[in-house]
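I have placed the structure first, in the form of structure tokens, so that the comments after it can refer back to it.
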């Protein structure tokens, strides 16, 4: 066998192109921010090591306590976001004309189980937003 000619040259070119494209998408925004970032914006004495956000000076301490409700909302959103992502391949996989009713029942069952999670969270009071009052010292 003659191995002098590389058999997978076209595949290596495509893989290299995709790797370079991925690196460009990953490192490109960092390079753009580095090139266009403002330099020497914190020239006020005493504010050099102070963190800045949106061009405004921070007020108070950055270490504040967030309510558990924010995390519960985030978890519920994450669960439903992932489950909705599962519905897209299901819609493509269940396209056989012979089993339309069976596939519809399976999708309704899947969404129904997801709905039970919402009902459970609702019964537990996750969706009630109680305003906290703090005592002023």
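Residue numbers (our numbering): 5 to 141. Think of the CB as a built atom: it goes at the ideal place given N, C-alpha and C, for glycine as much as any other residue.
* Asked: At a cut-off of 7 Å, is residue 106 close to the ligand COA when judged by its beta-carbon and the heavy atoms of the ligand?
  -> What this structure holds is no ligand at all, so the ligand COA is not there to describe.
* Quick one: give me the first and last residue of the alpha helix (DSSP H) that residue 106 is part of. => 104-128
* **Cβ pair count under 8 Å reaching 3, the stretch 23-43 against the stretch 97-106** => no
* Can you list, in chain order, the residues of its chain whose CB lies under 7 Å from that of residue 36, leaving out five sequence neighbours each side? -> none
* Taking just the CA atoms, how far does residue 25 sit from residue 32? -> 10 Å
* **Inter-residue CB distance, residue 108 and residue 87 (contact presumed, cutoff 8 Å)** => Actually they are not in contact, since the Cβ atoms of residue 108 and residue 87 sit about 17 Å apart, beyond 8 Å.
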